[in-house]
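Comments concern the structure below.
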Amino acid sequence: MTPIHADSFVGSAAAYVHIPFCAVVCPYCDFAVVEGQDDLAERYIDAVVAEIARSERWRPFDAVYFGGGTPSHLDPVLLGRILESLDAKHGLSDGAELTLEANPEDFTAERAGLLRRLGFNRVSFGAQSFDPKVLQSLGRRHVADHIAASVQAARSVGFDNISLDLIYGTPGERSKSWAITLQRAIDLGPEHISSYALTVERGTPLSRAVNDGAPAPDPDVQADRYEHAEETLEQHGYSRYEVSNWSREDKECRYNLIVWAQGEYEAFGNGAHGFRDGSRFRNIRRLEAYIETVESGEHPRAGTDPIEDWDVELDRLFVGLRRTVGVAHGPGTRALLDSDEGQRLLIAGVIEADESRLRVVRPLLTDAVHRSVLALQSPIVSGKADA
Amino acid sequence: MTDQSRIRNFSIIAHIDHGKSTLADRLLERTGAVAEREMREQLLDTMDLERERGITIKAQTVRLEYQADDGEKYILNLIDTPGHVDFSYEVSRSLAACEGALLLVDAAQGVQAQTLANSYMAIEAGLEVIPAINKIDLPAAEPDRAAAEMVSILGGEPNDVVRMSAKTGAGVDHLLETLVSEVPSPQGDPDVPLRAIVFDSYFDAYRGVVVYIRVVDGYLDTGEALRFMATNESHDANEIGFLTPKSVPVQRLGPGEVGYLITGVKEIDRIKVGDTITMARNPADEPLPGYDEPKPMVFSGLFPTDGDDYEKLREALEKLRLNDASLLWEPETSKALGFGFRVGFLGLLHMEIVRERLEREYDLDLVATAPSVAYRVIMPNGEDVEIKSPQDLPEPNDRIGITEPYVKAMIITPTEYVGPILELATGRRGEVGNMNYLSPERVELDFEIPLAEIVFDFFDLLKSKTKGYASLDYEPADYRQSDLVKVDILLAGQPVDAFSAIVHRDNALDYGQKMTGRLRGLIPRQLFDVPIQAAIGGRIISRETVKAQRKDVTAKCYGGDVSRKKKLLKRQKEGKKRMKMVGSVEVPQEAFVAALQVDDQS
Chain Z
0 MTPIHADSFV
10 GSAAAYVHIP
20 FCAVVCPYCD
30 FAVVEGQDDL
40 AERYIDAVVA
50 EIARSERWRP
60 FDAVYFGGGT
70 PSHLDPVLLG
80 RILESLDAKH
90 GLSDGAELTL
100 EANPEDFTAE
110 RAGLLRRLGF
120 NRVSFGAQSF
130 DPKVLQSLGR
140 RHVADHIAAS
150 VQAARSVGFD
160 NISLDLIYGT
170 PGERSKSWAI
180 TLQRAIDLGP
190 EHISSYALTV
200 ERGTPLSRAV
210 NDGAPAPDPD
220 VQADRYEHAE
230 ETLEQHGYSR
240 YEVSNWSRED
250 KECRYNLIVW
260 AQGEYEAFGN
270 GAHGFRDGSR
280 FRNIRRLEAY
290 IETVESGEHP
300 RAGTDPIEDW
310 DVELDRLFVG
320 LRRTVGVAHG
330 PGTRALLDSD
340 EGQRLLIAGV
350 IEADESRLRV
360 VRPLLTDAVH
370 RSVLALQSPI
380 VSGKADA
Chain X
0 MTDQSRIRNF
10 SIIAHIDHGK
20 STLADRLLER
30 TGAVAEREMR
40 EQLLDTMDLE
50 RERGITIKAQ
60 TVRLEYQADD
70 GEKYILNLID
80 TPGHVDFSYE
90 VSRSLAACEG
100 ALLLVDAAQG
110 VQAQTLANSY
120 MAIEAGLEVI
130 PAINKIDLPA
140 AEPDRAAAEM
150 VSILGGEPND
160 VVRMSAKTGA
170 GVDHLLETLV
180 SEVPSPQGDP
190 DVPLRAIVFD
200 SYFDAYRGVV
210 VYIRVVDGYL
220 DTGEALRFMA
230 TNESHDANEI
240 GFLTPKSVPV
250 QRLGPGEVGY
260 LITGVKEIDR
270 IKVGDTITMA
280 RNPADEPLPG
290 YDEPKPMVFS
300 GLFPTDGDDY
310 EKLREALEKL
320 RLNDASLLWE
330 PETSKALGFG
340 FRVGFLGLLH
350 MEIVRERLER
360 EYDLDLVATA
370 PSVAYRVIMP
380 NGEDVEIKSP
390 QDLPEPNDRI
400 GITEPYVKAM
410 IITPTEYVGP
420 ILELATGRRG
430 EVGNMNYLSP
440 ERVELDFEIP
450 LAEIVFDFFD
460 LLKSKTKGYA
470 SLDYEPADYR
480 QSDLVKVDIL
490 LAGQPVDAFS
500 AIVHRDNALD
510 YGQKMTGRLR
520 GLIPRQLFDV
530 PIQAAIGGRI
540 ISRETVKAQR
550 KDVTAKCYGG
560 DVSRKKKLLK
570 RQKEGKKRMK
580 MVGSVEVPQE
590 AFVAALQVDD
600 QS
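Protein chains in written order, with numbering that gives the first Met the number 0: chain Z, 0 to 386; chain X, 0 to 601.
Structure representation (structure tokens):
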């Protein structure tokens with residue numbers, strides 16, 4: 000993907016829809032999720048539809064992403080109601096990317112067909128691993144065969160844009176097991192692969208287990224796994240376009256591209272995050288509180304952070320530098336390159352700059368770059384102080 | 000004014016915890032100097048730290064009135080003494096103002112090295128030493144054994160040893176009578192010009208410098224113009240008086256009397272302890288024998304963690320010095336730690352106390368570099384230069400030799416621990432001399448050893464090898480040439496001055512391995528591999544590596560939750576602000592503190 004193409008998504012509009020329901024919550028997950036509360040699903044969908052109906056009118060969406068939780072866990076008819084209301088209120092562009100996250104254990108051809116007919120054209124499976132031991136220690140309910148069956152089901156009803164999520168660096172995972180996982184994922188021919196390092200997030204059952212002495216992921220092992228993935232995926236024709244995301248040509252996740260190009264996206268549902276009119280905002284996270292707030296006729300916003308002045312530039316770098324294409328030069332990249340920390344990153348080969356762009360070339364150290372970016376002082380302010 | 004025949008001036012010599020402060024309390028109570036309602040524990044230990052640690056740092060003085068069995072009223076001047084080797088110079092000051100010394104020994108623990116050394120000091124100063132055994136009420140008390148030890152040192156009969164308990168009060172009356180009968184009265188000449196010795200001073204925020212004096216000859220009158228013979232300064236006696244322990248002004252002090260003097264001087268440096276005071280109009284010809292100035296033995300760099308606190312640290316040191324003339328410092332600059340001071344201390348306890356007071360009373364956050372002794376370097380031109388910091392050591396080609404201070408050390412121990420102690424002392428380059436049996440069970444070991452070897456953890460090791468039964472005392476001996484080297488610690492090739500140390504060649508590898516190993520655990524992984532090396536000159540003797548960080552990235556930016564991620568990274572960045580850049584390496588402040596911690600090995 001060309002840098003110009005990547006940056007062009009700044010003008011697109013997207014929406015994120017959160018579906019918090021899961022059959023069983025995974026022990027490492029720290030998203031806004033619930034299990035055993037399917038009885039709330041209809042009320043929840045009513046609330047999301049109401050939130051959409053009341054939202055400020057906007058331009059048609061170029062990408063909509065149903066994330067979770069497990070969107071595929073719900074009756075497709077309920078998801079269809081949301082798509083319908085989005086289309087009715089804001090419109091969906093021609094050829095808009097409509098993604099749904101799905102779990103492999105119950106993704107039947109019948110369900111796939113229903114979803115396809117509702118309009119979804121991209122499905123992202125939480126495959127995670129093909130190693131039964133790893134799947135078990137991740138608390139997943141599916142086995143490797145479910146993944147292949149799900150991909151086949153999706154293909155059979157006409158999904159031509161499929162993504163697999165993989166997780167590496169689970170304690171106990173062998174390098175060979177990771178190699179097999181990658182190979183079996185590639186063999187299924189998905190258009191897109193995301194591979195994430197298992198991360199111990201605070202407050203999760205995994206974090207409690209680690210605090211009680213269970214083995215924690217080893218960052219050096221995870222670096223090995225990442226490097227192996229990078230090499231293998233490139234060999235098989237996948238290009239890395241973001242820290243954790245690879246795709247076939249032109250099959251990048253458009254929703255992702257919009258977020259990282261500092262494009263605007265709406266947020267619907269509990270715990271959802273958006274960026275619009277210069278502000279980053281988030282919805283109430285707790286499911287029942289969200290539903291009750293919407294039902295009482297109020298806006299379910301939990302907070303809004305306006306991004307102003309110099310922070311707009313830092314924000315551009317912050318999101319943009321996750322991409323392989325990096326960011327076009329601006330006051331922020333120049334400030335970074337002028338700083339001691341920027342020079343250190345350059346010498347250490349973490350970042351690279353040419354006449355038009357700045358890139359992170361050691362993606363495993365992106366947070367180190369981000370910390371330096373966020374600490375940059377505005378050159379305009381210091382200019383004033385000098386005057 | 001009291002006739003000299005009714006005055007008894009005495010000090011108490013006792014080991015830490017042998018009950019000196021409790022006895023002082025009891026004496027104050029018995030003689031009515033302090034009403035019982037004013038009584039609090041360890042009345043003479045006024046500093047918080049003294050009470051907490053149960054030690055006496057500054058000598059205190061109190062005048063007691065005692066009605067003796069012979070019907071006469073006597074004045075007993077108690078001049079308290081510190082019990083720790085770091086402060087032994089204060090003991091000699093106190094002794095110079097007395098005719099007698101009460102040697103107080105714990106009935107369960109017997110004579111200790113410090114008390115023995117101080118007893119010798121008292122005997123050499125011509126004092127009458129009164130032996131007393133305290134804590135006879137303890138179940139573990141062995142008064143007969145303690146008495147036998149004392150007799151073997153002082154001579155006399157075991158029956159002459161006073162047996163008492165400061166806690167219960169048993170034997171205290173007998174002790175008071177013994178003090179009256181055995182301590183000689185002062186023999187000053189009232190008819191010659193005034194001579195009074197300055198044995199201590201302290202700074203009082205309201206009254207300026209308060210000087211503790213003992214009149215030897217002649218009279219000191221309020222309002223008199225005085226001459227301080229050593230400093231050759233003249234000051235007026237604005238106020239003189241007794242310490243009961245409250246200040247009680249009087250018109251006149253006569254021969255043999257002990258009291259205080261206020262002249263209006265505000266700077267402690269202008270009053271020299273050991274000086275002789277005489278009259279400006281009618282001066283004495285000869286001063287009294289003075290004492291040696293206390294000399295710092297241990298040096299350490301003190302640096303504020305926050306560079307902005309440099310001035311605050313200087314002011315705090317100046318305030319402490321008002322009451323501690325032994326505290327000396329000079330500015331020091333460290334590439335790693337910034338601006339600070341090289342501070343001289345009398346010993347490790349003194350160092351700890353000063354640091355603790357700076358941090359506690361002046362709210363400072365400090366990094367202290369590894370303590371060092373003062374070395375003398377012989378230069379190619381024959382010059383002999385003292386260095387107090389490893390940074391100042393010239394390169395091997397620019398020096399001919401290095402000498403280091405030795406001390407004469409004395410250990411008193413139960414005989415069963417002689418083996419382990421000899422092993423410890425010889426392992427520290429000690430040369431063992433005499434062994435004197437105080438009793439069949441207890442022995443005094445004399446040896447000579449480099450100060451650098453005992454000043455850090457020797458005392459702790461001694462205690463742990465002897466279950467706490469051995470005691471140690473030492474005094475400076477001489478400087479001797481040794482095979483000393485400077486070990487530098489390099490981070491990514493850059494020497495870090497704060498970690499350099501001068502050590503004996505045989506200990507260089509140990510030091511190098513210890514520091515590189517510690518630092519490897521303390522320095523976080525960086526963008527680069529960070530080699531940590533110990534080197535003598537250009538030669539690397541030990542090496543560790545902090546491997547470069549390979550993964551520092553959050554895998555997933557969930558659902559566009561950019562704000563939360565930014566906040567997390569900003570918080571992490573704040574944490575990194577407490578890092579010091581050493582060359583290209585980020586070193587957390589805590590790493591300096593932890594790496595320089597004196598060993599707590601046991």
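Using N, Cα and C, we set each Cβ at its ideal position, and we do this for glycine too.
Small disclaimer: the values here were computed from a predicted structure and weren't measured.
> Tell me the DSSP bridge mates of S246 (chain Z)?
Replying inline: Taking the first residue of the first sequence as position 1, residue 246 (chain Z) is located at position 247. According to DSSP, which records beta bridges pairwise, S246 (chain Z) is partnered with Z:H191 and Z:S238.
> Is the shortest distance between the beta-carbon of T553 (chain X) and the beta-carbons of chain Z less than 8 Å?
Replying inline: Indexing the second sequence from 1 puts residue 553 (chain X) at position 554. Yes, because at least one Cβ of chain Z sits closer than 8 Å to the Cβ of T553 (chain X).
> Listed from N- to C-terminal order along the chain, which residues in the stretch 222-255 of chain Z have their beta-carbon within a distance smaller than 8 Å of any beta-carbon of chain A?
Replying inline: The structure shown has no chain A; the protein chains it does contain are Z and X.
>> Quick check on the DSSP output: what are the complete alpha helix (DSSP H) runs of length 4 or more inside the stretch 536-580 of chain X, in order along the chain?
In response: 561-575
>> Please classify N158 (chain X) as buried or exposed, where buried requires at least 16 neighbouring CB atoms within 10 angstroms.
In response: By 1-based counting over the second sequence, the position of residue 158 (chain X) is 159. Exposed: under 16 other Cβ atoms inside 10 Å.
> Buried or exposed: which applies to D368 (chain X), given that a residue is buried once 16 or more other Cβ atoms fall within 10 Å of its Cβ?
Replying inline: Numbered from 1 along the second sequence, position 369 holds the residue referred to as residue 368 (chain X). The sequence shown places Thr at residue 368 (chain X), not Asp. The residue in question, T368 (chain X), is buried, as its Cβ has 16 or more Cβ neighbours within 10 Å.
> What are the boundary residues of the alpha helix (DSSP H) that Q342 (chain Z) is part of?
Replying inline: As a first step, residue 342 (chain Z) is located in the first sequence; it is residue number 343 there, counting from the start. From DSSP, the alpha helix (DSSP H) with Q342 (chain Z) extends over D339 to I346.
> How about L568 (chain X): is its C-beta nearer than 8 Å to some C-beta of chain Z?
Replying inline: For the purposes of this step, residue 568 (chain X) is identified with residue 569 of the second sequence, where counting begins at 1. Chain Z, which has a Cβ nearer than 8 Å to the Cβ of L568 (chain X), makes this yes.
> Using DSSP with H/G/I as helix, E/B as strand and the rest coil, what is K407 (chain X)?
Replying inline: What you label residue 407 (chain X) is simply residue 408 of the second sequence in a count that begins at 1. The answer is strand: DSSP assigns K407 (chain X) an E or B state.
> For A152 (chain Z), is the classification buried or exposed, using 16 other Cβ atoms within 10 angstroms of its Cβ as the cut-off for buried?
Replying inline: The sequence position of residue 152 (chain Z) within the first sequence is 153, counting from 1. Flag for A152 (chain Z) reads buried.
> Counting only runs that start and end within the stretch 266-298 of chain Z, where is the beta strand (DSSP E) found for 3 or more residues in a row?
Replying inline: 272-275 and 278-282
> How do the stretch 587-594 of chain X and the stretch 311-324 of chain Z stand: do at least 3 beta-carbon pairs fall below 8 Å, yes or no?
Replying inline: no
>> Please report the straight-line C-alpha distance between P204 (chain Z) and G67 (chain Z), rounded to a whole angstrom.
In response: Along the first sequence, one-based indexing puts residue 204 (chain Z) at 205. Along the first sequence, one-based indexing puts residue 67 (chain Z) at 68. If I take the Cα positions, the gap works out to 18 Å.
> So does the stretch 572-581 of chain X actually touch the stretch 240-248 of chain Z, counting three or more Cβ pairs closer than 8 Å?
Replying inline: no
>> Any C-beta of chain X within less than 7 Å: which residues of the stretch 354-374 of chain Z qualify?
In response: P362, L363, L364, T365, D366, A367, H369, R370, L373 and A374
> Listing by chain order, which chain X residues have their CB less than 7 Å from the CB of R322 (chain Z)?
Replying inline: Reading the first sequence from its first residue, position 323 is the one you call residue 322 (chain Z). Residues of chain X passing the Cβ test: none, with the nearest at roughly 12 Å.
>> Once the 5 residues before and after R504 (chain X) are set aside, which same chain residues still bring their CB inside 6 Å of it?
In response: The residue given as residue 504 (chain X) occupies position 505 in the second sequence. Closer than 6 Å at Cβ, skipping near neighbours: D482 and V484.
> Which residue comes first and which comes last in the alpha helix (DSSP H) that contains C270 (chain X)?
Replying inline: Numbered from 1 along the second sequence, position 271 holds the residue referred to as residue 270 (chain X). Inspection of the sequence shows that residue 270 (chain X) is occupied by Ile rather than by Cys. Segment: none, I270 (chain X) is in no alpha helix (DSSP H) and carries neither H nor E.
>> Strictly under 8 Å for the Cβ-Cβ distance: is L526 (chain X) near chain Z by that measure?
In response: The residue labelled residue 526 (chain X) in the question sits at position 527 within the second sequence. With 8 Å as the cut-off, L526 (chain X) counts as an interface residue toward chain Z.
> Does the pairing of the stretch 133-148 of chain Z with the stretch 102-120 of chain Z give three or more beta-carbon distances under 8 Å?
Replying inline: yes
> With a Cβ-Cβ cutoff of 8 Å, do D136 (chain X) and T167 (chain X) count as a contact?
Replying inline: What you label residue 136 (chain X) is simply residue 137 of the second sequence in a count that begins at 1. What you label residue 167 (chain X) is simply residue 168 of the second sequence in a count that begins at 1. Taking 8 Å as the Cβ cut-off, D136 (chain X) and T167 (chain X) qualify as a contacting pair.
> Does D459 (chain X) get closer than 8 Å to chain Z when you measure Cβ to Cβ?
Replying inline: As a working mapping, residue 459 (chain X) is identified with position 460 in the second sequence. It does not; no Cβ of chain Z falls within 8 Å.
>> Check this for me: beta carbons of R41 (chain Z) and C21 (chain Z), under 8 Å apart or not?
In response: Here residue 41 (chain Z) refers to the residue found at position 42 of the first sequence. Here residue 21 (chain Z) refers to the residue found at position 22 of the first sequence. The sequence shown places Glu at residue 41 (chain Z), rather than the Arg named in the question. Going by C-beta atoms, E41 (chain Z) is not nearer than 8 Å to C21 (chain Z).
>> Excluding the 5 residues flanking T544 (chain X) on each side, which residues of the same chain have their C-beta closer than 8 Å to its C-beta?
In response: Sequence index remark: in the second sequence, residue 544 (chain X) carries index 545 (1-based). So the qualifying residues of the chain are R519, D528, V529, P530 and I531.
> For N396 (chain X), which three-state DSSP category applies?
Replying inline: Reading the second sequence from its first residue, position 397 is the one you call residue 396 (chain X). N396 (chain X) falls in the helix class under three-state DSSP.
> How big is the Cα-Cα spacing for L91 (chain Z) and F60 (chain Z)?
Replying inline: Here the question's residue 91 (chain Z) lines up with position 92 in the first sequence. Here the question's residue 60 (chain Z) lines up with position 61 in the first sequence. Cα-Cα distance, rounded: 5 Å.
> Can you tell me where the beta strand (DSSP E) with F302 (chain X) in it begins and where it stops?
Replying inline: Taking the first residue of the second sequence as position 1, residue 302 (chain X) is located at position 303. Its beta strand (DSSP E) spans residues V297 to P303.
> To the nearest angstrom, how far is it from the Cα of Y436 (chain X) to the Cα of T21 (chain X)?
Replying inline: Looking up residue 436 (chain X) in the second sequence gives position 437. Looking up residue 21 (chain X) in the second sequence gives position 22. If I take the Cα positions, the gap works out to 30 Å.
> If you draw a straight line from the C-alpha of F274 (chain Z) to the C-alpha of E263 (chain Z), how long is it?
Replying inline: As a position in the first sequence, residue 274 (chain Z) is number 275, starting the count at 1. As a position in the first sequence, residue 263 (chain Z) is number 264, starting the count at 1. Going by the C-alpha atoms only, they are around 5 Å apart.
>> Taking DSSP's pairing of strands, which residues face S246 (chain X) in a bridge?
In response: By 1-based counting over the second sequence, the position of residue 246 (chain X) is 247. In the DSSP output, where bridge partners are listed per residue, S246 (chain X) has X:L242.
> For a contact meaning CB atoms closer than 9 Å, what does P204 (chain Z) contact in chain X?
Replying inline: In the first sequence, residue 204 (chain Z) corresponds to position 205, counting from 1. Under the 9 Å cutoff, chain X gives no residues; its nearest Cβ is about 18 Å from P204 (chain Z).
> To the nearest whole angstrom, what separates the beta carbons of G118 (chain Z) and V156 (chain Z), a pair I think is in contact under 8 Å?
Replying inline: On the first sequence, residue 118 (chain Z) is found 119 positions in, with the first residue counted as 1. On the first sequence, residue 156 (chain Z) is found 157 positions in, with the first residue counted as 1. At roughly 13 Å, the Cβ-Cβ gap does not stay under 8 Å, so G118 (chain Z) and V156 (chain Z) are not in contact.
>> Please confirm whether R519 (chain X) has its beta-carbon closer than 8 Å to some beta-carbon of chain Z.
In response: Indexing the second sequence from 1 puts residue 519 (chain X) at position 520. No, its Cβ sits nowhere closer than 8 Å to a Cβ of chain Z.
>> According to DSSP, is W57 (chain Z) part of a helix, a strand, or is it coil?
In response: In the first sequence, residue 57 (chain Z) corresponds to position 58, counting from 1. Three-state result, W57 (chain Z): coil.
> Counting along the chain, where does the alpha helix (DSSP H) carrying R115 (chain Z) start and finish?
Replying inline: As a position in the first sequence, residue 115 (chain Z) is number 116, starting the count at 1. Its alpha helix (DSSP H) spans residues A108 to L117.
>> Taking only three categories from DSSP, how would you classify I257 (chain Z)?
In response: In the first sequence, residue 257 (chain Z) corresponds to position 258, counting from 1. Helix.
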